[in-house]
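In terms of full-length UniProt numbering, the sequence shown is residues 1 to 172.
From the three backbone atoms N, C-alpha and C, an ideal C-beta is built for every residue, glycine too.
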Amino acid sequence: MSEKHTLKWTEALPKIVDAINHSKCRVLGGLRPVDVRFNNAKKIREKVFGPIGKSNLRKKPRFNENDHVRMSRSKNIFSKGYLPNYSDEILQIDLVKKKANPNRYRVRDDNGELFKGYFYPEELTKVRKDENTSYRIEKIIKSKKKKDGSKEFFVKFFDYPQPQWIDENQFV
Numbered sequence: 001m002s003e004k005h006t007l008k009w010t011e012a013l014p015k016i017v018d019a020i021n022h023s024k025c026r027v028l029g030g031l032r033p034v035d036v037r038f039n040n041a042k043k044i045r046e047k048v049f050g051p052i053g054k055s056n057l058r059k060k061p062r063f064n065e066n067d068h069v070r071m072s073r074s075k076n077i078f079s080k081g082y083l084p085n086y087s088d089e090i091l092q093i094d095l096v097k098k099k100a101n102p103n104r105y106r107v108r109d110d111n112g113e114l115f116k117g118y119f120y121p122e123e124l125t126k127v128r129k130d131e132n133t134s135y136r137i138e139k140i141i142k143s144k145k146k147k148d149g150s151k152e153f154f155v156k157f158f159d160y161p162q163p164q165w166i167d168e169n170q171f172v
């Protein structure tokens, strides 16, 4: 196009496609794309991707059932890097699809409600959940004084849908 001083790419496109289809391709084992036919397509596909239907490369699942995990947040390339990459809500693995390649996981929340769909291992990270696990509080909705003089707070945690009452000694 530069040689002929034109911007009409539609005239050059058929020549470019023809040149690509008649060039040898490393992925196809040195064959040209025009040399691939129905009678040799299966053999070429198995050479490139391995035997059809037989994958011995199954990985051991990264998570087991009842493991506690956090889910990754969807971020775009312009998101701030200092913000957390994973949600604050701790979920539990409900089902491991071992026959799927790659392995996939179904998760549930603390109330036992299942999330729609399955998640890849890259979308989850394993966490430890015990009595020392701390949760970030989004806001304190209200408070009340108990008969023994201590206070209780009705709080909303980040990424948790239901607010709940917690004792003042549970604050960190």
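I'd like to check one pair, residue 37 with residue 24: are the Cβ atoms closer than 8 Å? No, Cβ-Cβ distance for residue 24 and residue 37 is not below 8 Å.
Which residues does DSSP pair with residue 157 in a beta bridge? Its beta-bridge partners are 137.
In this structure, how does DSSP classify residue 106 when only helix, strand and coil are distinguished? Residue 106: strand per DSSP, three-state reduction.
My guess is that residue 140 and residue 127 are in contact by the Cβ rule of under 8 Å, so how many angstroms apart are they, rounded? Going by Cβ atoms, the distance from residue 140 to residue 127 rounds to 25 Å, so no, they are not a contact pair.
With three or more beta-carbon pairs closer than 8 Å as the criterion, would you say the stretch 91–103 touches the stretch 142–153? Contact check between the stretch 91–103 and the stretch 142–153: fewer than three CB pairs, one atom from each, fall below 8 Å, which does not count as touching.
To the nearest angstrom, how far is it from the Cα of residue 135 to the Cα of residue 88? One C-alpha to the other measures close to 7 Å.
Specify, as a first and last residue, the run of the beta strand (DSSP E) that residue 229 falls within. There is no way to answer for residue 229, as the model of the chain reaches only from 1 to 172.
With residue 77 as the anchor, note down where its beta strand (DSSP E) starts and where it stops. According to the DSSP assignment, residue 77 belongs to no beta strand (DSSP E), since it is labelled neither H nor E.
Rounded to the nearest angstrom, what separates residue 82 and residue 60 at their Cα positions? The straight-line gap separating the alpha-carbon atoms of residue 82 and residue 60 is approximately 32 Å.
Residue 130 by DSSP, collapsed to three states: which one? It is coil, neither helix nor strand.
Quick check on residue 164: does DSSP put it in helix, strand or coil? Residue 164 carries a strand assignment under DSSP once its states are collapsed to helix, strand and coil.
How about residue 115 and residue 138: do their beta carbons lie closer than 8 Å? Result no, Cβ atoms of residue 115 and residue 138 do not sit closer than 8 Å.
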